[in-house]
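S.K.: Residue numbers (our numbering), protein chains in the order written: chain A, 2 to 201; chain B, 48 to 131.
Glycine included, each C-beta is placed from N, C-alpha and C at the ideal position.
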Amino acid sequence: MSANSIPFPVEHRPQPVRRKPIVSNGVLGMVVFIFTEVMFFAGLISAHTIVRAQSAGGMWPPYGQPRLPVEETAINTAALLVSGIVLFLSWLAFRRDPSSARIPLLLSIVLGAFFVYAQGLEWVALLREGLTLQSSSYGGFFYLIVGTHALHAVGALLALGWAWHRLTQGRLTSSQLATVAAFWYFVVLVWPVLYVQVYL
Amino acid sequence: MSAFRLLAVVIVAIAALPATPDVAHACAMCFSGPEESRKAFFVTAAFLTLLPLGMVAGATAWLRGKAREAEAGEDPDHADSAAG
């Protein structure tokens, strides 16, 4: 049957019901992206585990290599975790009243920026102590894993900054905030795993 | 060589594999080296196998829960989801 044979005009034909998406496109895309990133970090962790297990004499860190600052990084880790919690609080505040989410969102960004800054200081100190990308597989894995995470953290902070800018203009939607927040939660939640794997 | 003959050769070759002196291992590294190293290979192989399956299962459960919420009309979070 052709379209012309329907016995009533186009404007009176029944329209298909448009269903509301159960998850926004942004969040779904971010979830797929996070899956790929999880597998990327899983590959790095696996390679690190095997190289560590094969280290000469079972000695890790290898002889002559500086020890990583476990305690200082624990403080940075706490700041990052608190940043994730504050972002969740800002999400709750956004649902009640979007303007009330400004301060917690900004606080979350500041805590995240502190983490990145403190990690940068740690890198400078370790480079001065002789731990470089080429000094050993220990140094190579440290800078690769922690550096990759830092790149993700910087990217997520830029996204959070963009969200905060839109929030101050009153143009931020809940799905945009959820998309950006999902990326930051990934950065926050993958870090304790990396910390235990690399530092301890 | 006809397709039937090629298939027969492949089947015979596969059937003859157990007759080889050494057992063919898929992972050459998993069966040599110190205990610590072998354990690391097994653990990481299991980790990398199960992780994607777990993520897919988790995502499926999450989307199913969201679909149920939407059907029940209890999903106020995505009022502006078309903007996403």
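Less than 9 Å separating the beta-carbons of A/Leu161 and A/Phe95?
M.R.: no
S.K.: Using only the alpha-carbon positions, how far apart do B/Pro61 and B/Phe94 sit?
M.R.: Note on residue identity: the sequence assigns Ile, not Pro, to residue 61 of chain B. Near 30 Å, if we compare the C-alpha coordinates of B/Phe94 and B/Ile61.
S.K.: Which residues of chain B have a Cβ atom closer than 7 Å to the Cβ of A/Ala43, listed in chain order?
M.R.: Phe94, Leu95, Leu98
S.K.: A/Met60 to A/Val52, Cα distance in whole Å?
M.R.: 11 Å
S.K.: Can you give the Cα-Cα distance for B/Gly112 and A/Pro99, rounded to whole angstroms?
M.R.: 26 Å
S.K.: For the segment 49 to 68 of chain A, which residues have a beta carbon sitting closer than 8 Å to at least one beta carbon of chain B?
M.R.: Thr50, Ile51, Arg53, Ala54, Gln55, Gly59
S.K.: Rounded to the nearest angstrom, what separates A/Tyr118 and A/Glu73 at their Cα positions?
M.R.: Going by the C-alpha atoms only, they are around 13 Å apart.
S.K.: In its own chain, which residues sit with a C-beta less than 6 Å from the C-beta of A/Ile35, not counting the 5 before and 5 after it?
M.R.: Phe187
S.K.: Please name the residue, chosen from A/Leu108, A/Gly113, A/His49, A/Val39, that lies closest to A/Val191 on a Cα-to-Cα basis.
M.R.: A/Val39
S.K.: The alpha helix (DSSP H) spanning A/Met31 covers which residue range?
M.R.: 26 to 54
S.K.: For a quick check, are the C-beta atoms of A/Asn77 and A/Glu123 less than 9 Å apart?
M.R.: yes
S.K.: Over the uninterrupted alpha helix (DSSP H) stretch that includes A/Glu130, give me the two end residues.
M.R.: It is not in any alpha helix (DSSP H) - A/Glu130 carries neither H nor E in the DSSP assignment.
S.K.: Going by alpha carbons, who is nearest to A/Phe143 out of A/Arg172, A/Val24, A/Pro62?
M.R.: A/Pro62
S.K.: Taking the straight line between their C-alpha atoms, what separation do you get for B/Gly101 and A/Phe42?
M.R.: 15 Å
S.K.: Who are the neighbours of A/Val194 on chain B, taking C-beta pairs under 9 Å?
M.R.: Simply none; closest approach about 11 Å.
S.K.: Since A/Leu195 contacts A/His150 with CB under 8 Å, what's their CB separation in whole angstroms?
M.R.: 6 Å
S.K.: In angstroms, rounded to a whole number, what distance separates the CA positions of A/Ile163 and A/Gln55?
M.R.: In the sequence under discussion, the amino acid at residue 163 of chain A is Trp, which differs from the Ile named in the question. Spanning the two alpha carbons is a distance of roughly 44 Å.
S.K.: Report buried or exposed for B/Ser49, applying the criterion of at least 16 other Cβ atoms within 10 angstroms of its Cβ.
M.R.: exposed
S.K.: Check whether the Cβ atoms of B/Leu110 and A/Val33 sit closer than 9 Å, and answer yes or no.
M.R.: no
S.K.: Determine the chain B residues that contact A/Phe213 at a beta-carbon separation under 7 Å, and present them in chain order.
M.R.: Here chain A comprises residues numbered 2 to 201, so residue 213 of chain A is not present and cannot be evaluated.
S.K.: Going straight from the alpha carbon of A/Val87 to that of A/Leu108, what length do you get?
M.R.: 7 Å
S.K.: Any Cβ of chain B within less than 9 Å of the Cβ of A/Val189?
M.R.: No - not a single Cβ of chain B is within 9 Å of the one on A/Val189.
S.K.: Mapping DSSP to helix, strand and coil, what is B/Val90?
M.R.: helix
S.K.: In angstroms with no decimal places, state the Cα-to-Cα distance between A/Val1 and A/Val71.
M.R.: Here chain A comprises residues numbered 2 to 201, so residue 1 of chain A is not present and cannot be evaluated.
S.K.: What's the C-alpha gap between A/Leu90 and B/Phe89?
M.R.: Distance from the CA atom of A/Leu90 to the CA atom of B/Phe89, rounded to whole angstroms, is 40 Å.
S.K.: Could you check whether A/Gln66 and A/Leu158 sit closer than 9 Å to each other, using their CB atoms as the reference points?
M.R.: no
S.K.: Please check if any C-beta of chain A sits within less than 9 Å of the C-beta of B/Ser84.
M.R.: The C-beta of B/Ser84 comes closer than 9 Å to at least one C-beta of chain A.
S.K.: Do you know offhand how far A/Thr180's Cα is from A/Gln170's?
M.R.: 18 Å
S.K.: Using a Cβ-Cβ cut-off of less than 7 Å, give me the residues of the segment 98 to 115 of chain A that come near chain B, in sequence order.
M.R.: none
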